[in-house]
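**Q** One structure, pasted below without further comment.
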Amino acid sequence: MNSAPKVTQLRVLKSEWKKATTLRSTYVAVAVAFLTMAGIGIIISWSTADDYGQVRNGHRHRFDPLIDSLSGFLLAQLVIGVLGILLVGGEYSTGMIRASLSAVPKRLPMLWGKLVVFVTVALATMIPAVLIAFFVSQNVLSSKHIQTTWDAPYVSRVVLGCAVYLTILAAFSIGLATIMRNIAGSIAVLVGIIIVLPAIATGLPETWALRINKYLPSNAGQAIMNVGKDPLFLSPMRGLLLFAVYAVGIVGVGAVVLKRRDA
Amino acid sequence: MIQVDGLTKKYGDKVAVDDLSFSVKPGIVTGFLGPNGAGKSTTMRVIVGLDAPTKGSALVNGKRYAQHTAPMCEVGALLEAKAVHAGRSARNHLKCLALTTGISTKRVDEVIEQVGLADVAGKRAGGFSLGMGQRLGIASALLGDPATVIMDEPVNGLDPEGILWVRGLLRNLASEGRTVFVSSHLMSEMALTADHLIVVGRGKLIADTSVADFITQASGGAVIVRSPDSDRLIEIVTHAESVTAVKQPDGRISFVGTSCELIGDLAAANGITLHELTAQQASLEQAFMDMTRDSVEYHASTGASQ
Chain A
2 MNSAPKVTQL
12 RVLKSEWKKA
22 TTLRSTYVAV
32 AVAFLTMAGI
42 GIIISWSTAD
52 DYGQVRNGHR
62 HRFDPLIDSL
72 SGFLLAQLVI
82 GVLGILLVGG
92 EYSTGMIRAS
102 LSAVPKRLPM
112 LWGKLVVFVT
122 VALATMIPAV
132 LIAFFVSQNV
142 LSSKHIQTTW
152 DAPYVSRVVL
162 GCAVYLTILA
172 AFSIGLATIM
182 RNIAGSIAVL
192 VGIIIVLPAI
202 ATGLPETWAL
212 RINKYLPSNA
222 GQAIMNVGKD
232 PLFLSPMRGL
242 LLFAVYAVGI
252 VGVGAVVLKR
262 RDA
Chain B
990 MIQVDGLTKK
1000 YGDKVAVDDL
1010 SFSVKPGIVT
1020 GFLGPNGAGK
1030 STTMRVIVGL
1040 DAPTKGSALV
1050 NGKRYAQHTA
1060 PMCEVGALLE
1070 AKAVHAGRSA
1080 RNHLKCLALT
1090 TGISTKRVDE
1100 VIEQVGLADV
1110 AGKRAGGFSL
1120 GMGQRLGIAS
1130 ALLGDPATVI
1140 MDEPVNGLDP
1150 EGILWVRGLL
1160 RNLASEGRTV
1170 FVSSHLMSEM
1180 ALTADHLIVV
1190 GRGKLIADTS
1200 VADFITQASG
1210 GAVIVRSPDS
1220 DRLIEIVTHA
1230 ESVTAVKQPD
1240 GRISFVGTSC
1250 ELIGDLAAAN
1260 GITLHELTAQ
1270 QASLEQAFMD
1280 MTRDSVEYHA
1290 STGASQ
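Going down the list, the sequences are from chains A and B. Going left to right, the first sequence walks through residues 2 to 264 as the working numbering numbers them. Going left to right, the second sequence walks through residues 990 to 1295 as the working numbering numbers them.
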């Protein structure tokens, strides 16, 4: 092993891991993301099962044991996004960035380090979270025989796709915060892109909506969780791929401005 | 060794550093002196690659900072006091920096000990006082055991004991043969620590001189004398030396360009009684202000604002 002092990508990666794991906010955010992703679907499934006997006619077919068990992703996506923003923006808000960039003046290794650390953490926590959400929910629902199974059509793609969507969002948030350098501004833009934009787009007339809505980042990414064919959405794989392209694009812009701007 | 060559840095239309050239040599403490807004911090930020120069270059040991394979081991820099994540402990902060370059944990503990933060190394840096933050910044600068140390206003926020400690540290680092480059806007502070001075104002070089020369120049060697036999004294002194003598309204004589010793000896040799013999030192602060008067960025108006 070479122990001569030298900046290497692997060492910067270790440093970024240390940075992430020595902040309380990381643990809090990861725990909240995990609990919301795993827990909300279970609570909804439990309440659905509890309510099932008294369900009014209309409600029954709106319930979907697969999608509803994963409904925690709506909140988890915000928590994941905010954590990514904190990992980058926290350096700027505290002044740490100047120490970080003095240690790694080539700068990009730091961005790649953060990206690898956070994408790994997101994937490693969200995969178990979606599996717990799905299997516990189905177990709860099985008391009323309204559950689905892992082998049913679409199920494995939707469940694992949900975790992949959240992981790509993790990379997206790192890129966004690298461009914005500001926590509050980054969160506003993230919420704007992920939640507000699709909501506004629903107000478009149908011919326009058909053309535009499916290409919005979160709509594209969430296509992986679609069952059946909906003309308003891209096909699952194309949608997820487009979302990944958005993430790569925004990280790429982040890399360019990080390299060029004065710190 | 730091070499700044034709360095210009503009932020939009504002010129922060204007065609600045100087070099900083190893083995001595070089003070970087100038009023607020003179471009000291900007120059230091360019040296460690945080800001890119608009024109010219700043090299450390012959290379741009970012081109070194282990930059922290070439140059240690203390720029702003708190370049630390408030939520991380001092030890973890230093470990994060050390990991990037493969610096050992043993070295982390050494610098913590050296700056006197051992008792609080496990505490969140957000709770640190200005002085403790400054010590942590100095610890980060020393982490890579660098041959060149750059510090921007290192005594800011330190108590008298801390100030003494920094002065000692800087002198020590220089005596170990390192290049030590320290900025300050206080001439008196620099007179105590620095051997050489780079004086800047409005981004331009005003002086590149040794501290000793600066002091001699500044104080001008005026000697104030009171004597009952002043006319004869003036005659003798001006005869013996190329000295200008000015008789002041109160009867004292002010000799410029000589020393107390010389006047005293001449007076004794000629049997002239002296009632007063005082070396008049122009204050260094005054000399510095005179030198930079035209280049002070922000004048405080003493009268009413317009």
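No residue lacks a Cβ here, since even glycine has one placed at the ideal position from N, Cα and C.
(1) Between the beta-carbon of Pro106(A) and the beta-carbon of Pro1135(B), is there less than 8 Å?
(2) What residues in its chain sit with their C-beta under 8 Å from that of Asp65(A), if we drop five residues either side in the sequence?
(3) Quick check on DSSP: helix, strand or coil for Leu24(A)?
(4) Measure from the alpha carbon of Leu1068(B) to the alpha carbon of each residue in Arg1080(B), Gln1056(B), Thr1032(B), then state which is nearest.
(5) With a threshold of 8 Å between beta carbons, is Ser103(A) in contact with chain B?
(6) List, in order along the chain, the chain A residues whose C-beta lies closer than 8 Å to that of Val1037(B)?
(7) Between Thr126(A) and Phe35(A), which are expected to be in contact by the criterion C-beta below 8 Å, what is the C-beta distance as a whole number of angstroms?
(8) Just checking my contact of Thr997(B) with Gly1045(B) at CB under 8 Å: how many whole Å lie between their CB atoms?
(9) Whole angstroms are fine: how far does the CA of Leu242(A) sit from the CA of Thr271(A)?
(10) Distance check for Ser1118(B) and Leu1048(B), CA to CA, integer angstroms please.
(11) Please confirm whether Val29(A) and Ile188(A) have their CB atoms less than 8 Å apart.
(12) For Met38(A), which residues of its own chain have a beta-carbon under 7 Å away from its beta-carbon, when the five flanking residues on both sides are left out?
(13) Quick check: the segment 229-241 of chain A against the segment 1002-1020 of chain B, are there 3 or more CB pairs under 8 Å?
(14) Does DSSP put Phe244(A) in a helix, in a strand, or in coil?
(15) Under the rule that 16 or more other beta-carbon atoms within 10 Å means buried, what is Gln1237(B), buried or exposed?
(16) So Ala123(A) and Ala171(A) are supposed to be a Cβ contact under 8 Å. How far apart are they, rounded?
(17) From what residue to what residue does the beta strand (DSSP E) around Leu1009(B) run?
(18) Expressed to the nearest angstrom, what Euclidean distance is found between the alpha-carbon atoms of Pro1015(B) and Met990(B)?
(19) So which of Gly1260(B), Ile1261(B), Gln1269(B) has the shortest CA-CA distance to Gly1246(B)?
(20) Could you check where the beta strand (DSSP E) with Phe1244(B) kicks off and where it finishes?
(21) When you compare the CB of Glu207(A) with every CB in chain B, is at least one pair closer than 8 Å?
(22) Using a Cβ-Cβ distance cut-off of 8 Å, determine whether Gly85(A) contacts chain B.
(23) Ser1172(B) versus chain A: which residues are under 7 Å apart at the beta carbon?
(24) What do you reckon, are the CB atoms on Arg25(A) and Gly1076(B) nearer than 8 Å?
(25) Thr1137(B) and Arg1167(B) - do their beta-carbons sit closer together than 8 Å?
(26) Spell out the partners DSSP gives Lys998(B) in its beta bridges.
(27) Output needed for Lys1112(B): all residues of its chain with C-beta closer than 8 Å, excluding positions within five of it in sequence on either side, in chain order.
(28) In angstroms with no decimal places, state the Cα-to-Cα distance between Ala1196(B) and Thr1182(B).
(29) Strictly below 8 Å CB to CB, what residues from chain C border Leu24(A)?
(30) Which residues share a DSSP beta bridge with Ala1234(B)?
(31) Does any C-beta atom of chain A lie closer than 8 Å to the C-beta of Glu1099(B)?
(32) Check whether the Cβ of Gly255(A) lies closer than 8 Å to any Cβ atom in chain B.
(33) List the residues of chain A that Asn1081(B) touches, going by C-beta distances under 8 Å, in chain order.
(34) Can you name the start and end residues of the beta strand (DSSP E) that Val1018(B) belongs to?
(35) Between Leu1222(B) and Val1200(B), how many whole angstroms is the CB-CB distance? I'm expecting something under 8 Å.
(36) Does Glu1250(B) pass the burial test, meaning 16 or more other C-beta atoms within 10 Å, or should it be called exposed?
**A** By the coordinates alone:
(1) Along the first sequence, read from residue 1 onward, the residue named residue 106(A) stands at position 105. Along the second sequence, read from residue 1 onward, the residue named residue 1135(B) stands at position 146. For Pro106(A) and Pro1135(B), no; Cβs fall outside 8 Å.
(2) Taking the first residue of the first sequence as position 1, residue 65(A) is located at position 64. Answer for Asp65(A): Val228, listed in chain order.
(3) The sequence position of residue 24(A) within the first sequence is 23, counting from 1. Three-state DSSP puts Leu24(A) in coil, outside helix and strand.
(4) On the second sequence, residue 1068(B) is found 79 positions in, with the first residue counted as 1. If we check each option's Cα against that of Leu1068(B), Thr1032(B) comes out closest.
(5) As a position in the first sequence, residue 103(A) is number 102, starting the count at 1. Closer than 8 Å: yes.
(6) Here the question's residue 1037(B) lines up with position 48 in the second sequence. Residues of chain A passing the Cβ test: Ser103, Pro106.
(7) By 1-based counting over the first sequence, the position of residue 126(A) is 125. By 1-based counting over the first sequence, the position of residue 35(A) is 34. Thr126(A) to Phe35(A), Cβ: 5 Å. Contact.
(8) Within the second sequence, numbered from 1, the residue matching residue 997(B) stands at position 8. Within the second sequence, numbered from 1, the residue matching residue 1045(B) stands at position 56. Contact between Thr997(B) and Gly1045(B) holds, with the beta-carbon distance rounding to 6 Å and staying under 8 Å.
(9) Only positions 2 to 264 of chain A appear in the structure, and residue 271(A) is not among them; the question remains open.
(10) Here residue 1048(B) refers to the residue found at position 59 when the second sequence is read from its first residue. Here residue 1118(B) refers to the residue found at position 129 when the second sequence is read from its first residue. Computed Cα separation, rounded: 34 Å.
(11) Here the question's residue 29(A) lines up with position 28 in the first sequence. Here the question's residue 188(A) lines up with position 187 in the first sequence. No. Outside cutoff.
(12) As a position in the first sequence, residue 38(A) is number 37, starting the count at 1. Same-chain partners within the cutoff: Gly73, Phe74, Ala77, Met127, Ala130, Val131, Ala134.
(13) No: the two stretches stay apart, fewer than three of their Cβ pairs being nearer than 8 Å.
(14) In the first sequence, the residue the question calls residue 244(A) occupies position 243. If DSSP states are grouped into helix, strand and coil, Phe244(A) belongs with the helices.
(15) Sequence index remark: in the second sequence, residue 1237(B) carries index 248 (1-based). Label assigned to Gln1237(B): exposed.
(16) For the purposes of this step, residue 123(A) is taken as residue 122 along the first sequence, with counting starting at 1. For the purposes of this step, residue 171(A) is taken as residue 170 along the first sequence, with counting starting at 1. About 4 Å separates the two Cβ atoms, so the contact holds.
(17) Along the second sequence, one-based indexing puts residue 1009(B) at 20. Leu1009(B) -> beta strand (DSSP E) spans 1003-1013.
(18) Working through the second sequence from its first residue, we reach residue 1015(B) at position 26. Working through the second sequence from its first residue, we reach residue 990(B) at position 1. Going from the Cα of Pro1015(B) to the Cα of Met990(B) covers about 6 Å.
(19) The residue you call residue 1246(B) lines up with position 257 of the second sequence. Checking every option, the nearest Cα to that of Gly1246(B) belongs to Gln1269(B).
(20) Taking the first residue of the second sequence as position 1, residue 1244(B) is located at position 255. That run of the beta strand (DSSP E) goes 1242-1245.
(21) The residue labelled residue 207(A) in the question sits at position 206 within the first sequence. So no, Glu207(A) is outside the interface.
(22) Within the first sequence, the letter at position 84 stands for residue 85(A). Not closer than 8 Å to any Cβ of chain B, the Cβ of Gly85(A) fails to qualify, so no.
(23) Stepping through the second sequence from its first residue, residue 1172(B) is reached at position 183. Against chain A, the beta carbon of Ser1172(B) has no neighbour under 7 Å; the closest one sits roughly 16 Å away.
(24) If you number the first sequence from 1, residue 25(A) lands on position 24. If you number the second sequence from 1, residue 1076(B) lands on position 87. In contact: Arg25(A) and Gly1076(B) (Cβ atoms closer than 8 Å).
(25) For this step, residue 1167(B) is matched to residue 178 along the second sequence. For this step, residue 1137(B) is matched to residue 148 along the second sequence. Their beta carbons are under 8 Å apart, which means Arg1167(B) touches Thr1137(B) by this criterion.
(26) By 1-based counting over the second sequence, the position of residue 998(B) is 9. DSSP, once it has assigned bridges, lists Val1006(B) as partnering Lys998(B).
(27) If you number the second sequence from 1, residue 1112(B) lands on position 123. Closer than 8 Å at Cβ, skipping near neighbours: Ser1078, Ala1079.
(28) Within the second sequence, residue 1196(B) is the residue found at index 207, counting from 1. Within the second sequence, residue 1182(B) is the residue found at index 193, counting from 1. The alpha-carbon atoms of Ala1196(B) and Thr1182(B) are separated by roughly 18 Å.
(29) The structure shown contains no chain C; its protein chains are A and B.
(30) Position 245 of the second sequence holds residue 1234(B). In DSSP, Ala1234(B) forms a bridge with Phe1244(B).
(31) The residue you call residue 1099(B) lines up with position 110 of the second sequence. Judged by the 8 Å Cβ criterion, Glu1099(B) is not in contact with chain A.
(32) Taking the first sequence and counting its residues from 1, the one referred to as residue 255(A) is at position 254. Contact with chain B is absent for Gly255(A), since none of that chain's Cβ atoms lies less than 8 Å from the residue's Cβ.
(33) Taking the second sequence and counting its residues from 1, one reaches residue 1081(B) at position 92. From the beta-carbon of Asn1081(B), the residues of chain A found nearer than 8 Å are Lys19, Thr23.
(34) Residue 1018(B) sits at position 29 when you count from the first residue of the second sequence. 1018-1022 is the extent of the beta strand (DSSP E) around Val1018(B).
(35) Indexing the second sequence from 1 puts residue 1222(B) at position 233. Indexing the second sequence from 1 puts residue 1200(B) at position 211. About 33 Å separates the two Cβ atoms, so there is no contact after all.
(36) Start at 1 with the first residue of the second sequence, and residue 1250(B) comes out as number 261. Exposed is the call here.
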